[in-house]
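In the numbering used here, the protein residues as written are 39 to 261. We put the beta carbon where it would ideally sit given N, CA and C, even for glycine. Everything numeric in this text was worked out from a predicted model, so none of it was measured.
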């Protein structure tokens, strides 16, 4: 074309700066002819479909999407607050068991398993562990070794179960972590009082949870 005037109708969807000098060079992207018609048609279809999903007119799509984003933020904040309350409640239950008379191995040990379909099950188990540690009495002298695990409610051969080990003694945590690796096939690692890993497959109370119980007892007896 001798001039862009001959295009009659064109669209500049975006530009790209390719130089940072005083006289910035900019690459222009444009659509014209059949490509522009295709772009406008597909954009209109996207807008119409989105407006239908939001049950509003096309001019209100931006406002409605902004409302949904704000509502999602509030919902996520509410879920986070409820999870912290639940983690605190679970931690208090474990602390109550810790305070009970201990007759086996002079160490408190617990295998805590739950169902969780969220994408951040390790984060929740970590919140429970943190709440437990923060609520320990300052004068607590009872050693502890706890295995937290969480599996999805509907499991397949590719399902992932999250495992978190918490202990008052780093050596105990390492021994138990190594045992879960070798005896149960949990892949993971850690330093200090925590060890975390993942188990791929179907987690059954009669098999995998029993294997965790056995690993716990083995770790205690080998102290």
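Own chain residues within Cβ distance below 6 Å of residue i, not counting five before or after
i           : result
residue 92  : 102
residue 190 : 155 and 197
residue 151 : 187 and 247
residue 75  : none
residue 193 : 240
residue 77  : 69
residue 73  : none
residue 206 : 181 and 182
residue 184 : 148 and 204
residue 56  : 63 and 65
residue 215 : 203 and 233
Residues near residue i in its chain [Cβ-Cβ closer than 8 Å; skip 5 each side]
i           : result
residue 52  : 67
residue 45  : 39, 70 and 71
residue 95  : 89
residue 236 : 198, 199, 200, 201, 224, 225 and 226
residue 54  : 64, 65 and 67
For residue i: DSSP bridge partner residues
i          : result
residue 55 : 64
residue 49 : 69
Other residues of its chain near residue i: CB distance less than 7 Å, five sequence neighbours each side excluded
i           : result
residue 136 : 146, 180 and 182
residue 208 : 230 and 231
residue 122 : 165
residue 129 : 166, 169, 170 and 173
Residue interval of the beta strand (DSSP E) (run including residue i)
i           : result
residue 17  : There is simply no residue 17 to check, as the chain begins at 39 and stops at 261 in what is shown.
residue 258 : No beta strand (DSSP E) holds residue 258; the alpha helix (DSSP H) holding it covers 248-259.
residue 183 : 182-189
residue 233 : 232-238
Extent of the continuous alpha helix (DSSP H) to which residue i belongs
i           : result
residue 224 : Where residue 224 is concerned, there is no enclosing alpha helix (DSSP H), given that its DSSP letter is neither H nor E.
residue 71  : 71-92
Residue i Cβ short of 7 Å to the ligand ATP heavy atom set
i           : result
residue 129 : For the structure depicted, the ligand ATP is absent and the ligand set is empty, with no information on it obtainable.
* Could you pull out every unbroken alpha helix (DSSP H) segment of at least 4 residues lying fully inside the region 98-161, listed in chain order? => With a minimum length of 4 residues, the unbroken runs of alpha helix (DSSP H) contained wholly in the region 98-161 fall at 99-137.
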